[in-house]
Structures are given as C-alpha cells and as structure tokens.
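Okay, structure first, notes after.
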C-alpha cells in the first residue's frame, strides 16, 4: 500500500483523509488549523508539523487548498513538496484553481523528478466525506494507472480528461459554470414557490423526481426547506471562487457566459450580506426581497 499525504484538512481534505484511512492507506496530513489536525489525529491520521514532514513520509500527496497561490507555495516553496518528496513521487492537485495556474505548475514539475496529476473534484462536502467524489484527472496515463488505487480510495468516478496539467481545471471550470447557473435558478424558484404559498416538501417531492432532480438540486432543496444555511460544508466563498475562475476562462476564450454571470452576481450579493453562509443562503437573500420563506 502506498503511503499518502493530504495537505489541507478542511471540509474537502478531511474527507479525502478519512477515506484514505478507511481504505487502509498509511495517511499523513498537515493543516494550519489545530482543530482540523486534532480531528485528523482522532480518525487515525499521522499528524505532522509541516508540509516538509508530510513529504518526507509519503510517495503520493493530495493538495487540497483554496487557490493557486497556496498550491504553488506548497509545491515549490523552500520547505514544500518538490524539495522534500522522494524521486518519482506524485502530487495530486485536487484544489480548484485557474487552468493557466495548473498549467504553469505542471510545466515546472516537468523540470523535476516528480509527477503531477491535475485532478480537481466534484461532489462537494457529501462526496468528499463519503468517498464518492468524481475526479477529473489530467496527467501521464501510466502515472494515473500506477496510483489508481489511491484515487479509488477517495472517489466513485474517475475520468481521464487529458495528459497535461490545466486540462483537469478546464473541464472543472466548465462544470462549475453550469452548476452555478443551476444553483441560481433553484434559489430564485424556491423564493417564487414560497411567495406563491407552496410547501417546501411539495417542492422537494416534485423537483427531486422530475427531470430537474439532479444531486445538487436535491441537496440544495433539503438544506433550504430545513433552513440550514451555515456549516453544511458548502461555504459560499468556494463556489464564488469557482465562478470567478469560470468567468476568467470565458474572458480569455472570448465566450459569453450569460447564465454564469448572473449567478455570479447573486453569489456576490449573498457573500457580501451573509459572509458566513453556505451556497443555499442565496435563497434567504431573495426571500427577504419577496417577503416569504420556503419551509418544509
């Protein structure tokens, strides 16, 4: 069994770690938060005091941080992964960052004895915690095959989407533009249903068994009608960041994204008004405008 590291033990990284441990991988982790490190230790993880210490104990390491700057520093910093991993180790970049940032990281990795799999994920907090994520893997196919059992330890579906870093992030940006638009439409329709006098359970029963009843709709509606707007593992800042990435990519490619742009404005407004909220809190923002709330 491979020895595996996880850098970043937040809502997503803690799920990666939990399922690696569950699947009997010797798992090493690091996070700046003492609380997160305590949880990691309590589930059987090997705690460390630095990224450097993780690197010296593993041959595959997941990087699950918030942005490209953090990922670059963790990988290439003086006490980072590249300078401390053994030769032929692999870095699995599961963070969602800008495609051009991942491409640059991949180009720099080629000058080292390391390998990289650009593999952003989909499935959110529930998928991370249950080990049922979807991975979008771009990298050397032989390396992906070599570490397939590590990837399978955290995922249900693994898609090979390219051979170069940045290609995984590209399809993730497209996916998030779609999901953002779905979210925005659902949040507005939930407020419409409330104003029209419908019960939340009725809305959920119909929507979840219709053609629109995908996983994100079901999860979002459950949280809305039960009025769970915080601490559900889907902080609004993450989707806000992902939409920023999608719109940046659209600008670079000269592609108009009308729906994603509208969604971005809703996320921007709710992030400003409810900075501690999760995605679904956008519904509350619209509800305040119309003067009605959707309850189960």
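Residue numbers (my numbering): 200 to 495. C-beta: ideal position from N, C-alpha, C; glycine also.
Checking 8 Å against the spacing of the C-beta atoms, do residue 473 and residue 438 come in under that value? no
Check your understanding: If we ignore side chains and look at the alpha-carbon of each, how far apart do residue 449 and residue 477 end up?
Key -> 25 Å
- Is the stretch 350-361 in contact with the stretch 326-333, if contact means three or more CB pairs nearer than 8 Å? yes
* Does the beta-carbon of residue 297 have 16 or more other beta-carbons within 10 angstroms, so that it is buried, or is it exposed? -> buried
task = For residue 220, collect the residues of the same chain with a Cβ closer than 8 Å to its Cβ; drop the 5 residues on either side in sequence, then sort them by chain order.
result = 226, 242, 243 and 244
Checklist line | Of the listed residues 208, 432, 334 and 279, nearest to residue 356 (C-alpha basis) | finding: 334
Handout entry: Residue-level contact to chain D via CB, residue 300, 8 Å cutoff
Key = Included in the structure is just one protein chain, with no chain D present.
### Message
With H, G and I counted as helix, E and B as strand and the rest as coil, what does DSSP make of residue 494?
### Response
coil
In this structure, how does DSSP classify residue 307 when only helix, strand and coil are distinguished? helix
| From residue 394 to residue 256, what does the alpha carbon distance come to, in whole angstroms? | 57 Å
*asked:* Please classify residue 455 as buried or exposed, where buried requires at least 16 neighbouring CB atoms within 10 angstroms.
replied: exposed
* **Between the CA atoms of residue 471 and residue 386 - distance to the nearest angstrom** => 17 Å
When the Cα atoms are used, what is the spatial distance from residue 290 to residue 458? 34 Å
message: Would residue 489 and residue 411 be called neighbours here (beta carbons separated by less than 8 Å)?
response: no
Does the stretch 308-320 come within contact of the stretch 357-371, defined as at least 3 CB pairs closer than 8 Å? yes
Quiz item: When DSSP labels each residue in this structure, what does residue 335 get in the three-state scheme?
Solution: strand
_Which residues DSSP lists as bridging residue 202, in chain order_ = 225
Whole-angstrom distance between residue 294 and residue 422, CA atom to CA atom = 25 Å
Practice problem: Between the Cα of residue 380 and those of 463, 205 and 268, spot the shortest distance and give me the residue it belongs to. | Solution: 463
Along the chain, where does the beta strand (DSSP E) containing residue 260 start, and where does it finish? 259-262
Within this structure, are the beta carbons of residue 494 and residue 444 separated by less than 8 Å?
no
**OP:** Closer than 8 Å by C-beta to residue 306: which residues in its own chain qualify, once you throw out the five before and the five after it? Chain order, please.
**Re:** 364
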